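A.B. asks: Got a structure for you, questions after.
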Amino acid sequence: MTVRNPLGIGALLLAACALSLAVGTKNIPVTTVFDALTAFDPDRVDHLIVTERRVPRTVAGLLVGAALGLAGTLIQGVTRNPLADPGIFGVNAGAALFVVLGIAVFGVTSLTGYVWFGFAGAAAASAVVYVIGSLGRGGASPLKLALTGAALTAALSSLQSAVLLTDPATHDRFRFWQVGTLAGRDPEVVGQALPFLAAGIAGALLLGKVLNGLSLGDDVARSFGQNTTADRVWCGLAVVVLAGAATALAGPITFLGLAVPHLARMLAGPDYRRILPLSMLIAPVLLLVADVLGRVAARPGEVQAGVVTALLGAPVLVVLVRRRKPARL
Amino acid sequence: MTRATTPTAAGRNSGATSDDVALVSHARRRERARAITVATGLALAVTAMLLAALAVGDFRIGIPDLLARLTGQQVGALQPRIDYVLFDLRLPRAVTGILVGIAFGLAGSLFQRLLRNPLASPDVLGVSAGASAAAVLAIVAFGASGFAVSAGAFTGAVAASALIYALAWQRGISGYRLVLIGIGVNAALLAAVSFLMTRADMTDAQQALLWRTGSLYDSSWDHVTALLGCLAVLVPAALLLARALPRLQLGDDSARGLGLPVERTRLALLLVATGLIGVGTAAAGPVAFVAFLSGPIASRLLGGARPGVAVAALVGALVTLSSDFAAQHLFGDQQFPVGVVTGAVGAPYLLWLLAKSNHAGHGE
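In order, the protein sequence lines correspond to chains A and B.
Sequential numbering of the first sequence, starting at 0, is according to numbering that gives the first Met the number 0.
Sequential numbering of the second sequence, starting at 0, is according to numbering that gives the first Met the number 0.
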């Protein structure tokens, strides 16, 4: 089976969506699922489960997956570091800290509330990372950005654990946000994040050529007339919008942004105009499959998608890394 | 100090004129002088921090009394109280802090330089995550505490390392493959930890969080003795092996060309670094970010000079010791475990160094 071309991955993605609609904690026959989508009857519980639970959840999975895959590819391209993930801009740490403060200080308890705190935290942290990373004579070099992001993440996580250690009640709520899951994302929450995600995805797909230039190194890129500073700002902005909104919606799902770009690079070669769309397709496949597995693995309970993604994705990454020579950045 | 001046092939190039040689050797001397200055400054700072940690607290010990007792002289009526606070409480804790800091700083910079990536510290590549997963499993699933958790942590670190190495082995190890497999293993292990945290009851979850943050609460002379015994072997080994790093950093082929047994050296370095992480984590938990921060801070303190791993070890000791001091005394009645503060102390310092650094892209 070849999954190298985007069509193959697209087919896999459709299959993953179908699975996500058809399989769940409650057994619902496929024909009923089909009926719910084509001839909806609000009086039937099974129909409601499909439209109110599984459809928004699948949409959330598609959006979050695509966003994280793209954000990861962008950030690895900008920092030219294979270890960079969207979290390297402080996105996850900022979002997590703000959510913790939201719970502890402002008494926020609902997902709709978390979304805004998460998003604000992600934006604030990444702005700080970018400003500090571009101080000094060299401007925002890849190394400085990566180190700044990691260092800020360290500082913010310290604050976060200080709050959690002194406030067990907040820790009790936070530990469930922290795993990252698609469960319980109703249409309202998805709707809140949708405009950001759609804009971010559209913007990211246009940045392939820019990344190709940056991957040659700053000097070469500049000699081709590229404004590397402005390019980094655009890429950074896209990462913040994508990863911030995705984290706000689903909690921190770190593995996708880290691993998917490597998978895409191995399949697509060095051209970012192919890597970006491929990442956008691969990441939701992994996320949706992980989510479905999480629903059936521990019935009647669920294993969170963030957990399954890492447990499932890690072996995939290992196998691919062993079978092919990993494409360097 | 490590000998940071191992001659490279280029230095011996017979085509170089005597002017070039003079220029290079002048630069080398300056690098060396700076390295010695930095190391001396750090050692003094660690000593000052140690004295502060021993003197300050609810029961304040004056510096004269402190120095007298440390050198074995009598100090009068308060002596029993001073001895209890000093020798039973503060000294083991401070010494544990220093030793753990050395272990993490050394291990972190070995990983970062071996893999030629400043982000590639053991807390990113799954070694610390292995320790965490094993320890959290022990706490949450088996209600373990104390020695059992430490043993679990050490085993976890070694097992994770072995797994990463085995998975990355393919007629030799490529650093890049090791890094990618490391992040995969790290992600899987952290997911397992998060999952365990959601399934634990609240008390266990809070205890596991405390352990994962890293603390020096349990320090005792038994800990210190065990730590000292392990580090007496590991630290000299690390410093000795680190002398091969400049050649390894040229890339595998060049290093082989210079007559270095690449695979064996790399395996030995990884073994020693893993041992250091395992021992440190067993004693204090995976104290947040010391392993990651020490190397970059050291290389920026040294400016253009070649970063020596010994300086990173000193940075690790200083960060851990001063963080523990801050965690005990800066927040009024509220005491925090050291791991809460390491990130808050070390990270802003690195950020400041990064912001004021004028040389783009220097260091590692």
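All C-beta atoms in this analysis are idealised placements derived from N, C-alpha and C, irrespective of residue type, glycine included.
What you are looking at is a predicted structure, and each value in this text was computed from that prediction instead of being measured.
Is the Cβ of B/F335 closer than 8 Å to any Cβ of chain A?
C.D. replies: It does: the Cβ of B/F335 has a partner Cβ on chain A nearer than 8 Å.
A.B. asks: Using DSSP's beta-bridge definition, name the partner residues of B/W168.
C.D. replies: Note: B/W168 sits in a beta bridge opposite B/I172.
A.B. asks: Less than 8 Å between the beta carbons of A/S109 and B/A287, yes or no?
C.D. replies: No.
A.B. asks: To the nearest angstrom, how far is the alpha carbon of B/A152 from that of B/A187?
C.D. replies: So the alpha carbons of these two residues sit roughly 17 Å apart.
A.B. asks: Is A/R172 helix, strand or coil by DSSP?
C.D. replies: In the structure shown, A/R172 sits in a helix (DSSP, three-state: H, G or I).
A.B. asks: Is the Cβ-Cβ distance between B/T95 and B/L226 less than 8 Å?
C.D. replies: Their beta carbons are under 8 Å apart, which means B/T95 touches B/L226 by this criterion.
A.B. asks: Measure from the alpha carbon of B/G284 to the alpha carbon of each residue in B/L257, B/L162, B/L118, B/I138, then state which is nearest.
C.D. replies: If we check each option's Cα against that of B/G284, B/I138 comes out closest.
A.B. asks: Say whether chain B places a C-beta atom closer than 8 Å to the C-beta of A/G293.
C.D. replies: No, A/G293 lies away from the interface with chain B (no Cβ there is under 8 Å from its Cβ).
A.B. asks: Relative to the alpha-carbon of B/G294, which residue among B/L114, B/I81, B/A26, B/A54 has its alpha-carbon at the smallest distance?
C.D. replies: Taking only the C-alpha atoms, the option nearest B/G294 is B/L114.
A.B. asks: Are any of the Cβ atoms in chain B nearer than 8 Å to that of A/G305?
C.D. replies: By this cut-off, A/G305 is an interface position.
A.B. asks: Do the segment 46-60 of chain B and the segment 83-102 of chain B make contact, defined as three or more Cβ pairs closer than 8 Å?
C.D. replies: They touch, by the three-pair rule.
A.B. asks: Determine whether the Cβ of B/M48 lies closer than 8 Å to any Cβ atom of chain A.
C.D. replies: B/M48 does not count as touching chain A.
A.B. asks: According to DSSP, simplified to helix, strand and coil, what is B/Y83?
C.D. replies: Looking at B/Y83 - three-state DSSP - the assignment turns out to be helix.
A.B. asks: For A/L248 versus A/V188, is the C-beta spacing smaller than 8 Å?
C.D. replies: Yes, Cβ-Cβ distance for A/L248 and A/V188 is below 8 Å.
A.B. asks: Using DSSP with H/G/I as helix, E/B as strand and the rest coil, what is B/P63?
C.D. replies: Residue state, collapsed to three classes: helix.
A.B. asks: Please confirm if B/S193 has its CB atom under 8 Å from at least one CB of chain A.
C.D. replies: Chain A, which has a Cβ nearer than 8 Å to the Cβ of B/S193, makes this yes.
A.B. asks: For A/I102, which residues in chain B fall below 9 Å Cβ to Cβ?
C.D. replies: Simply none; closest approach about 15 Å.
A.B. asks: The alpha helix (DSSP H) that contains A/N91, what's its start and end?
C.D. replies: Per DSSP, A/N91 belongs to the alpha helix (DSSP H) from 90-103.
A.B. asks: Spatial neighbours of A/L67 within its chain, please: C-beta separation below 8 Å, excluding the five flanking residues on both sides.
C.D. replies: Hits under 8 Å: P85, L241, A242, A245, I252, L255, G256, V259, A282, L286.
A.B. asks: Would you say B/V45 and B/A316 are within 8 Å of each other, going by their C-beta atoms?
C.D. replies: Contact flag set, yes.
A.B. asks: Quick check on DSSP: helix, strand or coil for B/R92?
C.D. replies: If DSSP states are grouped into helix, strand and coil, B/R92 belongs with the helices.
A.B. asks: Which term fits B/F103, buried or exposed, when burial requires 16 or more other beta carbons within 10 angstroms of its beta carbon?
C.D. replies: Label assigned to B/F103: buried.
A.B. asks: Within 8 Å, do at least three Cβ pairs link the segment 153-168 of chain B to the segment 273-280 of chain B?
C.D. replies: The segment 273-280 of chain B vs the segment 153-168 of chain B: in contact.
A.B. asks: Could you run through the segment 78-105 of chain B and flag, in chain order, every residue whose CB is less than 8 Å away from some CB of chain A?
C.D. replies: Those would be none; no residue qualifies.
A.B. asks: Does the beta-carbon of A/M265 have 16 or more other beta-carbons within 10 angstroms, so that it is buried, or is it exposed?
C.D. replies: Buried is the call here.
A.B. asks: To which residues of the same chain is A/Q75 closer than 7 Å at the C-beta, ignoring the five residues directly before and after it?
C.D. replies: Once the five neighbours on either side are set aside, the close Cβ partners of A/Q75 are P81, A83, P260, L328.
A.B. asks: At the level of alpha carbons, what is the spacing between A/L11 and A/E301?
C.D. replies: Spanning the two alpha carbons is a distance of roughly 23 Å.
A.B. asks: When the Cα atoms are used, what is the spatial distance from B/G129 to B/A191?
C.D. replies: Going by the C-alpha atoms only, they are around 10 Å apart.
A.B. asks: Which whole runs of the alpha helix (DSSP H) in the segment 168-253 of chain A are 4 residues long or more, in chain order?
C.D. replies: Qualifying alpha helix (DSSP H) stretches, in chain order: 186-204, 207-213, 217-222, 227-249.
A.B. asks: Once DSSP output is grouped into helix, strand and coil, what is the label at B/T16?
C.D. replies: B/T16: coil per DSSP, three-state reduction.
A.B. asks: By how many angstroms is the C-alpha of B/L166 removed from the C-alpha of B/L22?
C.D. replies: Rounded to the nearest angstrom, the two C-alpha atoms are 45 Å apart.
A.B. asks: Among B/T319, B/L292, B/N116, whose alpha-carbon lies nearest the alpha-carbon of B/R176?
C.D. replies: B/R176 has its Cα closest to that of B/N116, out of B/T319, B/L292, B/N116.
A.B. asks: Taking the continuous alpha helix (DSSP H) assigned at B/P295, which residues delimit it?
C.D. replies: Start and end: 289-300.
A.B. asks: Under 8 Å by Cβ, that's how I've got A/L213 and A/T227 pegged, so tell me the actual separation to the nearest angstrom.
C.D. replies: Indeed, because the Cβ distance is near 6 Å, the residues count as touching under 8 Å.
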